[in-house]
Each structure stands twice: as C-alpha cells, then as structure tokens.
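*Asks:* Residue numbers for the sequence shown follow numbering that gives the first Met the number 0, beginning at 0 and rising by one. In this text, a Cβ means the ideal position worked out from N, Cα and C, and glycines have one as well. Quantities reported herein were computed from a predicted structural model and do not represent experimental measurements. One structure is given below, represented as structure tokens, and several questions about it will come after.
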Amino acid sequence: MKIKSEQLESLAALLLAHYRSKELITVRAGEAEIKAKIVKIVGQNFAEEQAIEEEARRMLVSHAGKAKEMDPHKMFLLAKQKLAAKKGFIL
C-alpha cells in the first residue's frame with residue numbers, strides 16, 4: 000500500500016497527540032524529533048509491506064497457469080500472508 004508523506008506526517012502528529020493525551024508516553028525529546036522517528040518507522044513498515052505485495056504478485060504471475068480455477072484476489076492474499084509470515088512481518 001502506498002502512502003503519501005503528508006499522510007505519514009498527519010499520522011505521526013495524531014499518534015503523538017493521542018499518546019500524550021492518554022499519558023501513554025513521557026516525552027524526553029522534541030516534538031519534531033519524535034514525529035520524524037514515527038514517520039521513519041511507519042514509512043519503513045509500509046515499504047516492507049509493499050515489497051511483500053510485489054513479491055506475491057510476481058509469484059502469482061509465475062504460477063498463473065497452474066491455478067486457473069482459483070480466485071486471483073484470494074490467491075494474492077494467501078501468498079501475501081505466507082510471505083509475510085515467512086519474513087516475520089505482521090500484517
């Protein structure tokens with residue numbers, strides 16, 4: 000799934016505000032630094048998921064002729080889940 004940098008920034012701001020309001024975190028760094036770290040981590044997560052999706056699509060293309068009777072979307076989801084589990088990635 001692709002996500003825009005503006006969406007990541009907005010998500011980081013919302014997470015930080017929510018965690019602060021619920022007193023789930025104690026801030027020891029500047030707000031900009033915390034937001035930047037959240038953006039970096041969440042961005043990496045989305046990039047990893049996109050890489051898994053691309054690998055699942057390549058797998059399906061290479062095995063397309065073998066499973067004509069199966070639903071392509073279900074096959075994609077199954078391949079994505081298996082690849083994610085193999086890589087230790089939580090969807």
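Identify which residue in Ala66, Leu14, Gly64, Ala78 has its Cα closest to the Cα of Ile33.
*Replies:* Here residue 33 refers to the residue found at position 34 when the sequence shown is read from its first residue. Among Ala66, Leu14, Gly64, Ala78, the Cα nearest to that of Ile33 belongs to Leu14.
*Asks:* In this structure, how does DSSP classify Val26 when only helix, strand and coil are distinguished?
*Replies:* As a position in the sequence shown, residue 26 is number 27, starting the count at 1. Coil at Val26, not helix or strand.
*Asks:* Does the stretch 17-26 touch the stretch 46-60, meaning 3 or more C-beta pairs lie closer than 8 Å?
*Replies:* no
*Asks:* Determine the direct distance from the alpha carbon of Met69 to that of Ile2, and round the result to whole angstroms.
*Replies:* Along the sequence shown, one-based indexing puts residue 2 at 3. Along the sequence shown, one-based indexing puts residue 69 at 70. If you take the alpha carbons of Ile2 and Met69, they lie about 30 Å apart.
*Asks:* Please report the distance separating the alpha-carbon of Glu53 from that of Glu22.
*Replies:* As a working mapping, residue 53 is identified with position 54 in the sequence shown. As a working mapping, residue 22 is identified with position 23 in the sequence shown. Answer to the nearest angstrom: the Cα atoms are 39 Å apart.
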